[in-house]
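What follows is a set of notes on a single structure, which appears directly below.
Now the structure itself:
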């Protein structure tokens, strides 16, 4: 039995720079951390959405489950892929009849991982309650007894730091690892919460560092100065893969996190 079970959670993949960095760096990160399972948020891999080709590249690079958020809806041609690919998630608290699914039970190397994707409401579209959606998913799987207990991995795609911290504490002890996405700026508050869940407010991004949250800085400056929504373009140049590695004792039965390590790799 391995000394620990390691899970990598990667920040939002932004554009071609992010996809290329993922393909170049993720295999080495998996080896470095001895990762057993990998999640990544892919909703910006095509800029402000995703394509099937992007998703297949992300899976081929070594990601086991792709999460997303509000921008995944901006390419309607991608919706059928979300319906058909169980490893491709959208936030679980979008109301019916939203395409796709918001959580998945994935099995790998004899281990189970329940991945839950949620979206915040503060400063975002006021969709269904993420707290109640989390409860609903956990209740769905509460009675599982046929096999190992799952590691519960949560991607909370939200704007508000307050909302992220609140849901993190709410899920503490019922989630194994809880990470925020969406703002693309990696926070330095990785920690183990009182009841054993790993937490970080934002994973950061997998994308070019020379722009504004992965987007072309000149366009972002013009948008900010002139208040005109010029079409966005992804930044180019040196890119990083950012995220966390969370470790668990394989035989503890509690699925509580042990160390959590933040990384940003060029």
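In the numbering used here, the protein residues as written are 483 to 748. Even for Gly, the Cβ is constructed at its ideal location relative to N, Cα and C.
If you ignore the 5 residues before and after residue 516, its C-beta comes within less than 7 Å of the C-beta of 488, all in its own chain and listed in chain order. Annotated as distal: residue 554 and residue 534, with beta-carbon spacing of 8 Å or more.
For residue 589, the closest alpha carbon among the candidates 565, 634, 608 and 615 is that of 634.
Secondary structure note for residue 554: it is in no beta strand (DSSP E), with a DSSP letter that is neither H nor E. Here DSSP, grouped into helix, strand and coil, assigns residue 716 to strand. Taking C-beta separations shorter than 6 Å and ignoring five residues to either side along the sequence, the partners of residue 673 in its chain run 681, following chain order. Comparing alpha-carbon positions, the option among 666, 563, 564 and 662 lying closest to residue 647 turns out to be 662.
Leaving aside the five residues that flank residue 536 on each side, the residues in its chain whose CB is nearer than 6 Å to its CB run, in chain order, 527 and 528. About 6 Å separates the CB atoms of residue 574 and residue 599; that is less than 8 Å, so the two are in contact.
Residues of the same chain with a CB within less than 7 Å of the CB of residue 586, apart from the 5 flanking positions on each side, are 547, 568, 569, 571 and 597 in chain order. Annotated as distal: residue 523 and residue 500, with beta-carbon spacing of 8 Å or more. Less than 8 Å divides the Cβ of residue 677 from the Cβ of residue 655. DSSP places residue 675 outside both helix and strand once states are collapsed to three, so it counts as coil.
At the C-beta level, residue 551 and residue 666 stay beyond 8 Å of one another.
Cβ neighbours of residue 715 within its own chain (closer than 8 Å, five residues either side excluded): 529, 697, 698 and 701. The beta carbons of residue 653 and residue 679 sit closer together than 8 Å. For residue 724 and residue 622, the gap between their C-alpha atoms comes out near 31 Å. In the three-state scheme derived from DSSP, where H, G and I count as helix and E and B as strand, residue 707 is classed as helix.
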